[in-house]
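Each position in the sequence shown, counted from 1, maps to that position plus 14 in this note's numbering. Please read the structure below before turning to the comments.
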Amino acid sequence: MDDALINAAGIMEDSIVDGPGLRTAIFAQGCPRRCEGCHNPQSHAFGTGTDWTVEDLFAHIRKNPIVRGVTFSGGEPFSQAAPFARLARMLKEAGYEVAAYTGYTFEELAGSGSPAQKALLETLDILIDGEFILAQRNLDLRFRGSANQRILDVPRSLAAGKAVWCTAERWVGAREA
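Pasting the structure below:
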């Protein structure tokens, strides 16, 4: 897929569960991981969602003047890394905080990810990484579904060359198990 279209399973307006504050969450259609117990199993099949141009998604997000954060979820946004990276760059230039959920780990993406996956990673503020593991499911965790998942500060992680937990006040409480 080129960087012009995102195949989306859906869009959630005014989400309060996909990161702090009111956010727009964009759910990618398609996931190679297909984690047991996934809360979005309808997003697993590739190519069965709605195609959006990056420009149309950007304009759609901009319609809500009180939303300052956007979260990419899934499915697997890193399976459509090029268009999500393009959208993330546009959002960052407009002053939005951009977060993404992924079944990959930071180490996988930074070390052996494709050029498009690395480009998407470099545009993010926050990464919630790791597969959902049903045996580690914990409904008390903030912004995560299972205890193995981490909420990472991407710029600090990239600078350090290793995963660095987010300590920003708006995400505080996310690390507690």
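All C-beta atoms in this analysis are idealised placements derived from N, C-alpha and C, irrespective of residue type, glycine included. None of these values were measured; they are calculated from a predicted model.
Look at the beta carbons and you see the segment 155-167 touching the segment 135-143: at least three pairs across the two are nearer than 8 Å. Below 8 Å, enough C-beta pairs join the segment 21-33 and the segment 62-74 to call them touching: three or more. Counting only residues of its own chain and dropping the five nearest sequence neighbours on each side, Ala182 has no CB closer than 6 Å to any other CB.
Of the residues assessed, Ile30 falls on the exposed side of the cut-off, its CB having fewer than 16 other CB atoms within 10 angstroms. Non-local C-beta neighbours of Asp143 in its own chain, meaning closer than 7 Å and more than five positions away in sequence, comprise Thr116, Tyr118, Thr119, Phe120, Gln163, Arg164 and Leu166, ordered along the chain.
Proximity of the segment 31-42 to the segment 67-82 meets the contact definition, three or more beta-carbon pairs being nearer than 8 Å. Counting C-beta pairs with one atom in each stretch, the segment 125-136 and the segment 97-110 have three or more that are closer than 8 Å, which means they touch. Here DSSP, grouped into helix, strand and coil, assigns Ser87 to strand. Looking at the backbone, the Cα of Ser160 and that of Phe92 are separated by about 19 Å. Going by DSSP, Ala114 is part of the beta strand (DSSP E) stretching over Glu111 to Tyr115.
If you compare the alpha carbons of Leu148, Ser171 and Arg76 with that of His53, the shortest gap goes to Leu148.
Between Phe86 and Ala108, the C-beta spacing is not below 7 Å.
Listed as beta-bridge partners of Ile40 by DSSP are Ile25 and Phe86. Note on Arg158: 16 or more other CB atoms within 10 angstroms of its CB, so buried under the neighbour-count rule.
Contact between Pro46 and Glu90 is confirmed by a C-beta separation of about 6 Å, below the 8 Å threshold.
In the displayed model, Ser93 falls within a helix according to three-state DSSP.
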